[in-house]
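Participant: Right, I'll just put the structure down here and ask away after.
In this note's numbering, the protein residues as written are 8 to 175.
And the structure:
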């Protein structure tokens, strides 16, 4: 195998996007509370477990996100792991603006006060541990305060521009 070139790809975002689209990612909705007490949320396609001791998870919001700043300000959030078939919910939380919670049923996470959305596979209630700016996104690290599995459906994944179904 030959060594990769020393110069990074410059300006070839399409090639980068195409190649990386072949790596499936999780689909989650991160919810939180606004300073006025209202609910806020955003879809995230890059969520990961970071550490077992201490229990840490992470995700990567775009630095242009308008949903992340109020969640950051509260210092707490809840990660909702979407189930296969929750495409409409993913689309709702991926859009900018509007009341994303209108007509939705949800419970409230004990520590963060954030929404636990109905029908999700699992939820993870967190305190903001740190945020690191990396390119056009940030790495948000959360300390896990509580978590649970709500159903045994397969989680939603995103790969090559769609949401493929996982086998049983």
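All C-beta atoms, glycine included, are put in the ideal place defined by N, C-alpha and C.
In chain order, what residues of the same chain have a beta carbon less than 7 Å from the beta carbon of residue 53, not counting five sequence neighbours either side?
Facilitator: By 1-based counting over the chain shown, the position of residue 53 is 46. Excluding sequence neighbours, residue 53 sits near 32, 66 and 67.
Participant: Taking its Cβ as the centre, do 16 or more other Cβ atoms sit within 10 Å of residue 23, making it buried, or is it exposed?
Facilitator: Numbered from 1 along the chain shown, position 16 holds the residue referred to as residue 23. Flag for residue 23 reads exposed.
Participant: How many Å lie between residue 110 and residue 82 at the Cα?
Facilitator: Residue mapping note: residue 110 aligns to position 103 of the chain shown, counting from 1. Residue mapping note: residue 82 aligns to position 75 of the chain shown, counting from 1. One C-alpha to the other measures close to 26 Å.
Participant: Quick check on residue 27: does DSSP put it in helix, strand or coil?
Facilitator: By one-based count along the chain shown, residue 27 stands at place 20. Residue 27 falls in the helix class under three-state DSSP.
Participant: Which partner residues does residue 120 have in the DSSP bridge list?
Facilitator: As a working note, residue 120 is residue 113 in the chain shown. For residue 120, which the question treats as bridged, DSSP gives no partner whatsoever.
Participant: Expressed to the nearest angstrom, what Euclidean distance is found between the alpha-carbon atoms of residue 156 and residue 60?
Facilitator: For this step, residue 156 is matched to residue 149 along the chain shown. For this step, residue 60 is matched to residue 53 along the chain shown. The straight-line gap from Cα to Cα measures roughly 20 Å.
Participant: Let me confirm a value: residue 71 is counted as buried when at least 16 other C-beta atoms fall within 10 Å, else exposed. Which label applies?
Facilitator: In the chain shown, residue 71 corresponds to position 64, counting from 1. Flag for residue 71 reads exposed.
Participant: For residue 56, count neighbouring C-beta atoms within 10 Å of its own C-beta (all shown protein chains included) and say buried if the count is 16 or more, exposed if not.
Facilitator: Working through the chain shown from its first residue, we reach residue 56 at position 49. Exposed, since its Cβ has fewer than 16 Cβ neighbours within 10 Å.
Participant: Across which residues does DSSP place residue 145 in a beta bridge pair?
Facilitator: As a working note, residue 145 is residue 138 in the chain shown. In the DSSP output, where bridge partners are listed per residue, residue 145 has 140.
Participant: Check this for me: beta carbons of residue 89 and residue 97, under 8 Å apart or not?
Facilitator: Against the chain shown, residue 89 aligns to sequence position 82. Against the chain shown, residue 97 aligns to sequence position 90. Using a Cβ distance threshold of 8 Å, residue 89 and residue 97 count as a contacting pair.
Participant: Do you know how far the Cα of residue 78 is from the Cα of residue 40?
Facilitator: Taking the chain shown and counting its residues from 1, one reaches residue 40 at position 33. Taking the chain shown and counting its residues from 1, one reaches residue 78 at position 71. Residue 40 and residue 78: Cα-Cα distance of roughly 6 Å.
Participant: Excluding the five sequence neighbours on either side, which residues of its own chain have a C-beta within less than 7 Å of the C-beta of residue 69, listed in chain order?
Facilitator: Here residue 69 is taken as the residue at index 62 of the chain shown, counted from 1. 143 and 144.
Participant: In or out: residue 141 buried (at least 16 other Cβ within 10 Å) or exposed?
Facilitator: Counting from 1 along the chain shown, the entry for residue 141 is found at position 134. The residue in question, residue 141, is exposed, as its Cβ has fewer than 16 Cβ neighbours within 10 Å.
Participant: Under the rule that 16 or more other beta-carbon atoms within 10 Å means buried, what is residue 73, buried or exposed?
Facilitator: Mapped onto the chain shown, residue 73 falls at position 66. Classification of residue 73: exposed, given that the 10 Å Cβ count is below 16.
Participant: Kindly provide the ranges of any beta strand (DSSP E) runs that are 3 or more residues long and lie completely inside the region 30-92, ordered along the chain.
Facilitator: Runs found: 35-40, 46-51, 54-58, 63-66 and 83-88.
Participant: Can you tell me which residues form a DSSP beta bridge with residue 154?
Facilitator: Within the chain shown, the letter at position 147 stands for residue 154. Answer by DSSP bridge pairing, in chain order: 131.
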